[in-house]
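Structure, as structure tokens:
Protein chains in written order, with the numbering used here: chain C, 1 to 257; chain E, 258 to 617.
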């Protein structure tokens, strides 16, 4: 039995979603973006809502998300995706609208747009990739960079006294009444990927039921920015990121856990 | 059947937007244009036509909401005043870059900075030279009456969709706040979602059916050649605007020996100055650019062959005068007369400036 005998459709647990294009991903090998993209597209495909889904791409590593996702997408200015999504959802109330944003986009420059879209309870899905660093611009400090963590703008490690604490934006927005579902997941193992997919599916179901805003944080790695191998990055993420950003549901059906 | 009403300029604009079948308005209050969103909220356009009206948390959010709705092919507008428009410029640059139709209204107040809440035309440069980052222009319509505040909404949307480009209605605190009679047009039907898809589905992000490729709205081109091609495409649009949609008005220019150039509020005052001049035996005329971009360059050049001097009358320290000088190619003297700080010049002052600066 060789490899090709094993790779048969009936044996595959994970495969490329039909809604992913053939464009080569621009992400670094080992990065979680590819899996997060694929899961999102799988959910949209499985729910059969491609024709009624509009995605909003951010600025940052995933700025080119529209090159990989075979759906209609609008690329938003840095941090403004929740405002863009607000307008789309308001003017097309029957559509499924989601934003896909990183930590610099969502938790720094776009803090106001994030908080207010959440507070209005816009009927949208926000997928938030938190890797604790600015990946695209070359590894600068993000609001979510951990204490003591090195980056090109915190070369001696993040110091709370001068740089503030890592921002738990997800917990912050979970307190807003308009936010219906908040969860924090990961995609570095198949177990975590399965849970994340379930969460994304639940979020889009919430849109269908017009329940308001669903927010999915995915704690992910940035092996290039962290200057580690993919494997080292995943281990470091489990040891350092997860204790500060614990995985699991934070708010379900409008009720805080 | 139109309807005659006595309204503020800002209110007339808001009512005209509902009647023009606009799908959405996103804004943020700022003096002297807050009546636009106040009127819209009071009128419950969501019940009248289904038009969405939302007060955003900031000008940044408002203009990006405009970007979002415009990217899906809907008719969407926003309004603000000078400091608010400065905040919106990031989004306006994106809307121009992504080639989206949208209408933006600036009811100008004095600046720079927090400035004053009184009328001004000090945002001329910002409006006609691009304003935000990158190589782009706005099609700029300058109303000079409450009637035009209402009429230009529909005109602006026609241009916005014709060129898939943002259009600016450049008003000021005087026109926004003053009351005049206005003839309002009949209510137009808002397009249904199906009609929007039929009309704009070839480019807008309305959800991808199996029958077409995905639509992407972006202003990003990482490949230099593609980015340059995009800029060239924009420049061609602007050339076409000049050829097909230039607008201006002439007043007593046939035999004019001296010319005022003025737009918006200033044009109304300059028009009175023409009458005062004529009463004194001075053959003055007025050219009123209605579109500030495209600018009536050729018209001005022709008039420069006829008149002895030109006075650019503006509520600023001298901005449009640069375009007037460029247009007339040094054929005749061109001077500027303006008041700032929210002070509005009188017709007498304007005539006096003509006599002192041009006739001498």
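Note that beta-carbon positions come from the ideal geometry of N, C-alpha and C, so glycine has one too.
Exercise for the section: Flag this pair as yes or no: are the beta carbons of residue 464 of chain E and residue 197 of chain C separated by less than 8 Å? Expected result: By one-based count along the second chain, residue 464 of chain E stands at place 207. By one-based count along the first chain, residue 197 of chain C stands at place 197. No, they are not a contact pair.
Exercise for the section: Please report the residue range of the alpha helix (DSSP H) in which residue 492 of chain E lies. Expected result: Counted from its first residue, the second chain places residue 492 of chain E at position 235. First-last of the alpha helix (DSSP H) with residue 492 of chain E: 481 to 501.
Exercise for the section: Report the residue from C/167, C/71, C/20 whose alpha carbon sits nearest the alpha carbon of residue 241 of chain C. Expected result: Reading the first chain from its first residue, position 241 is the one you call residue 241 of chain C. Taking only the C-alpha atoms, the option nearest residue 241 of chain C is C/167.
Exercise for the section: With residue 593 of chain E as the anchor, note down where its beta strand (DSSP E) starts and where it stops. Expected result: Mapped onto the second chain, residue 593 of chain E falls at position 336. Start and end: 591 to 595.
Exercise for the section: Decide yes or no for the touch test of the region 14 to 27 of chain C against the region 39 to 53 of chain C: beta carbon pairs closer than 8 Å, at least 3 of them. Expected result: yes
Problem - Classification of residue 427 of chain E by the beta-carbon crowding that lies within 10 angstroms, buried from 16 upward - result: Numbered from its first residue, the second chain carries residue 427 of chain E at position 170. Buried, because 16 or more other Cβ atoms sit within 10 Å of the Cβ of residue 427 of chain E.
Practice task
Using a Cβ-Cβ cut-off of 8 Å, state whether residue 66 of chain C counts as contacting chain E.
Solution key: Residue 66 of chain C sits at position 66 when you count from the first residue of the first chain. For residue 66 of chain C, the answer is yes, since a Cβ of chain E falls inside 8 Å of its Cβ.
Handout entry: Alpha-carbon to alpha-carbon, residue 462 of chain E and residue 105 of chain C
Key = Counted from its first residue, the first chain places residue 105 of chain C at position 105. Counted from its first residue, the second chain places residue 462 of chain E at position 205. Spanning the two alpha carbons is a distance of roughly 22 Å.
Practice task
Measure the C-alpha to C-alpha separation of residue 454 of chain E and residue 51 of chain C and round it to an integer number of angstroms.
Solution key: For the purposes of this step, residue 454 of chain E is taken as the residue at position 197 of the second chain. For the purposes of this step, residue 51 of chain C is taken as the residue at position 51 of the first chain. C-alpha separation (whole angstroms): 12 Å.
Problem - Within chain E, the residues that residue 51 of chain C reaches when beta carbons sit closer than 7 Å - result: Position 51 of the first chain holds residue 51 of chain C. The answer, in chain order, is 464, 465, 466.
Practice task
Whole angstroms is fine: what's the gap from residue 80 of chain C's alpha carbon to residue 90 of chain C's?
Solution key: Mapped onto the first chain, residue 80 of chain C falls at position 80. Mapped onto the first chain, residue 90 of chain C falls at position 90. Cα to Cα, residue 80 of chain C sits roughly 16 Å from residue 90 of chain C.
Exercise for the section: Please check if any C-beta of chain E sits within less than 8 Å of the C-beta of residue 72 of chain C. Expected result: As a position in the first chain, residue 72 of chain C is number 72, starting the count at 1. Chain E, which has a Cβ nearer than 8 Å to the Cβ of residue 72 of chain C, makes this yes.
Handout entry: Complete beta strand (DSSP E) runs within the region 385 to 420 of chain E (minimum length 3 residues, chain order)
Key = 396 to 398
Practice task
Assuming residue 364 of chain E contacts residue 384 of chain E (C-beta within less than 8 Å), just tell me the rounded distance between them.
Solution key: In the second chain, the residue the question calls residue 364 of chain E occupies position 107. In the second chain, the residue the question calls residue 384 of chain E occupies position 127. About 12 Å; that fails the 8 Å criterion.
Problem - Cβ pair residue 160 of chain C, residue 171 of chain C closer than 8 Å - result: If you number the first chain from 1, residue 160 of chain C lands on position 160. If you number the first chain from 1, residue 171 of chain C lands on position 171. Not a contact, by the Cβ cut-off of 8 Å.
Exercise for the section: Would you please verify whether the beta carbon of residue 33 of chain C is less than 8 Å from any beta carbon of chain E? Expected result: Locating residue 33 of chain C in the first chain gives position 33, counting from the first residue. Closer than 8 Å: no.
Practice task
Identify the continuous alpha helix (DSSP H) that holds residue 68 of chain C and give its terminal residues.
Solution key: As a working mapping, residue 68 of chain C is identified with position 68 in the first chain. It spans 65 to 68 - the alpha helix (DSSP H) in which residue 68 of chain C sits, taken as one unbroken run.
Practice task
Reducing DSSP to helix, strand and coil, say where residue 376 of chain E ends up.
Solution key: Numbered from its first residue, the second chain carries residue 376 of chain E at position 119. Residue 376 of chain E falls in the strand class under three-state DSSP.
Problem - Proximity test, residue 345 of chain E beta-carbon vs the ligand FMN heavy atom, cut-off 7 Å - result: What this structure holds is no ligand at all, so the ligand FMN is not there to describe.
Handout entry: Test: residue 86 of chain C CB closer than 8 Å to a CB of chain E
Key = As a first step, residue 86 of chain C is located in the first chain; it is residue number 86 there, counting from the start. Closer than 8 Å: yes.
Practice task
Using beta-carbon positions only, say whether residue 266 of chain E and residue 362 of chain E come within less than 8 Å of one another.
Solution key: Numbered from its first residue, the second chain carries residue 266 of chain E at position 9. Numbered from its first residue, the second chain carries residue 362 of chain E at position 105. For residue 266 of chain E and residue 362 of chain E, no; Cβs fall outside 8 Å.
Exercise for the section: For residue 95 of chain C, return the contacting residues in chain E, with the cut-off set at a CB-CB distance below 7 Å. Expected result: The sequence position of residue 95 of chain C within the first chain is 95, counting from 1. The answer, in chain order, is 464.
Exercise for the section: Take residue 30 of chain C as the anchor and find which of C/118, C/57, C/211, C/222 has the nearest alpha-carbon. Expected result: Indexing the first chain from 1 puts residue 30 of chain C at position 30. Looking at the Cα atoms, C/222 is the closest of the given residues.
Handout entry: Rounded straight-line distance, which links the Cα of residue 157 of chain C to that of residue 16 of chain C
Key = Along the first chain, read from residue 1 onward, the residue named residue 16 of chain C stands at position 16. Along the first chain, read from residue 1 onward, the residue named residue 157 of chain C stands at position 157. Their backbone Cα atoms lie some 38 Å apart in a straight line.
Handout entry: Separation of residue 569 of chain E from residue 598 of chain E, as counted between CA atoms
Key = One-based indexing of the second chain puts residue 598 of chain E at position 341. One-based indexing of the second chain puts residue 569 of chain E at position 312. About 18 Å.
Problem - Runs of beta strand (DSSP E) lying entirely within the region 317 to 378 of chain E, each at least 3 residues, in chain order - result: 333 to 337, 359 to 365
Handout entry: Bounding residues of the beta strand (DSSP E) (the contiguous stretch that carries residue 546 of chain E)
Key = Taking the first residue of the second chain as 1, we reach residue 546 of chain E at position 289. 541 to 546 is the extent of the beta strand (DSSP E) around residue 546 of chain E.
Handout entry: Interface positions of the region 325 to 344 of chain E facing chain C (Cβ-Cβ less than 9 Å), listed along the chain
Key = 325, 326, 327, 328, 329, 331, 333
Problem - Close beta carbons around residue 576 of chain E, own chain, < 6 Å, minus the five adjacent residues each side - result: Locating residue 576 of chain E in the second chain gives position 319, counting from the first residue. Cβ within range, chain order: 381, 382.
Exercise for the section: Evaluate residue 209 of chain C with the Cβ neighbour count: other Cβ atoms within 10 Å of its Cβ, from every protein chain shown; 16 or more gives buried, anything less gives exposed. Expected result: Sequence index remark: in the first chain, residue 209 of chain C carries index 209 (1-based). Exposed, because fewer than 16 other Cβ atoms sit within 10 Å of the Cβ of residue 209 of chain C.
Exercise for the section: Please specify which runs of the beta strand (DSSP E), each continuous and at least 3 residues long, are wholly inside the region 38 to 96 of chain C, giving them in chain order. Expected result: 53 to 57, 72 to 75
Handout entry: Neighbour flag for residue 216 of chain C against chain E, beta carbons, 8 Å
Key = Stepping through the first chain from its first residue, residue 216 of chain C is reached at position 216. Not one chain E Cβ lies under 8 Å of residue 216 of chain C.
Exercise for the section: May I ask you to verify whether the region 260 to 275 of chain E touches the region 314 to 322 of chain E, counting CB pairs closer than 8 Å and requiring at least 3? Expected result: Between the region 260 to 275 of chain E and the region 314 to 322 of chain E there are fewer than three C-beta pairs closer than 8 Å, too few to call the two in contact.
Practice task
Give the secondary structure of residue 237 of chain C by DSSP, where H, G and I count as helix, E and B as strand, and everything else as coil.
Solution key: Translated into positions along the first chain, residue 237 of chain C becomes position 237. Three-state DSSP puts residue 237 of chain C in a helix.
Problem - Reference residue 277 of chain E; option with closest CA among E/607, E/494, E/460, E/410 - result: As a working note, residue 277 of chain E is residue 20 in the second chain. When each option's Cα is compared against that of residue 277 of chain E, the closest is E/410.
Handout entry: Of the residues E/353, E/551, E/326, E/617, the one placed nearest residue 567 of chain E, counting alpha carbons only
Key = For this step, residue 567 of chain E is matched to residue 310 along the second chain. Comparing Cα-Cα distances from residue 567 of chain E to each of E/353, E/551, E/326, E/617, the minimum goes to E/617.
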